[in-house]
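In what follows, a structure is listed as structure tokens, so that the remarks can point back to it.
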Amino acid sequence: MNFSHIISWLGAFKKKPLAQAVIALMLALVLQSLTAVFCLWSDHQVCSEEVWLYCPAMLLLYILYNVLRGFFIEEMGSYYSASVYGVLLYLGLDLLWCTFLTGRFVDEVGSIGWILFVFGIVYLVFMSILNTIRIIMKIVMKQDQRAREESENWIADKNKDSSAE
1 MNFSHIISWL
11 GAFKKKPLAQ
21 AVIALMLALV
31 LQSLTAVFCL
41 WSDHQVCSEE
51 VWLYCPAMLL
61 LYILYNVLRG
71 FFIEEMGSYY
81 SASVYGVLLY
91 LGLDLLWCTF
101 LTGRFVDEVG
111 SIGWILFVFG
121 IVYLVFMSIL
131 NTIRIIMKIV
141 MKQDQRAREE
151 SENWIADKNK
161 DSSAE
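Using this note's numbering, the first residue of the sequence shown is number 1, and each one after it goes up by one.
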């Protein structure tokens with residue numbers, strides 16, 4: 001694989017929220033597995049809280065990257081839907097994996113469930129803010145274009161009046 005293939009893959013990766021979710025999920029699964037193995041090899045039992053901690057951490061990483069990438073995407077409808085599916089895919093698979101590793105459900109592990117709930121709300125708020133900013137920017141661009149056209153027309157009319165005299 002040469003450098004141009006990597007660049008083209010990264011270009012396509014930026015526009016695919018499901019691929020971003022899979023990368024975040026794989027990173028979380030690896031870190032959770034390493035933590036579980038480390039806890040088993042040490043004198044501790046499986047450290048449930050430490051294993052579960054990577055779930056909201058990687059979710060937040062995905063949310064921030066996804067929202068920031070959303071500023072540069074032209075077609076927002078398909079990006080939003082794929083992004084929401086990415087969050088659901090990540091949460092579903094990572095919750096299953098953490099439950100498998102620790103034998104505990106998310107509601108049995110302290111405040112992790114509430115953190116995931118808050119991150120879900122934050123994600124929706126961020127996406128709403130992003131959409132609102134995009135709408136405002138479109139309105140501003142249209143107003144700017146109208147102002148330029150009016151200014152050009154006014155200058156052209158003024159030049160006609162001065163040349164007629």
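Yeah, the Cβ is synthetic: ideal placement off N, Cα and C, and Gly gets one too.
Bear in mind the structure is a predicted one, so any value in this text is a computation, not a measurement.
message = Is it the case that the region 76-93 contacts the region 19-31, given that we only count it when at least three CB pairs across the two stretches are under 8 Å?
response = Contact between the region 19-31 and the region 76-93 is established, with three or more Cβ pairs separated by less than 8 Å.
message = Our contact map puts L40 next to F119 with C-beta atoms below 8 Å; I'd like the distance itself, whole angstroms only.
response = Contact flag wrong, Cβ pair sits at about 28 Å.
inquiry  = Just verifying my parser: in three-state terms, what is the DSSP assignment at I139?
reply    = Looking at I139 - three-state DSSP - the assignment turns out to be helix.
E130 versus L64: straight-line alpha-carbon distance, rounded = Looking at the sequence itself, residue 130 is Leu, so the reference to Glu does not match. So the alpha carbons of these two residues sit roughly 12 Å apart.
query = Is it buried or exposed for T102, if we count other Cβ within 10 angstroms and need 16 for buried?
reply = Under a 10 Å Cβ-count criterion, T102 is classified as buried, with 16 or more other Cβ atoms of the shown protein chains found around its own Cβ.
task = Using the Cα positions of G110 and L124, report the straight-line distance between them to the nearest angstrom.
result = Between G110 and L124, the C-alpha separation is close to 24 Å.
Helix, strand or coil at I121 [DSSP, three-state] = It is helical.
Buried versus exposed, by CB contacts within 10 Å (16 or more), V106 = When all chains shown are included, V106 counts as buried.
message = Please classify D94 as buried or exposed, where buried requires at least 16 other C-beta atoms within 10 Å of its C-beta.
response = Buried is the label assigned to D94, since at least 16 other Cβ atoms lie within 10 Å of its Cβ.
ask   = Straight-line CA distance for L116 to I155?
value = Rounded to whole angstroms, L116 to I155 spans 58 Å at the Cα level.
ask   = Are the CB atoms of S33 and E108 nearer to each other than 9 Å?
value = No. Outside cutoff.
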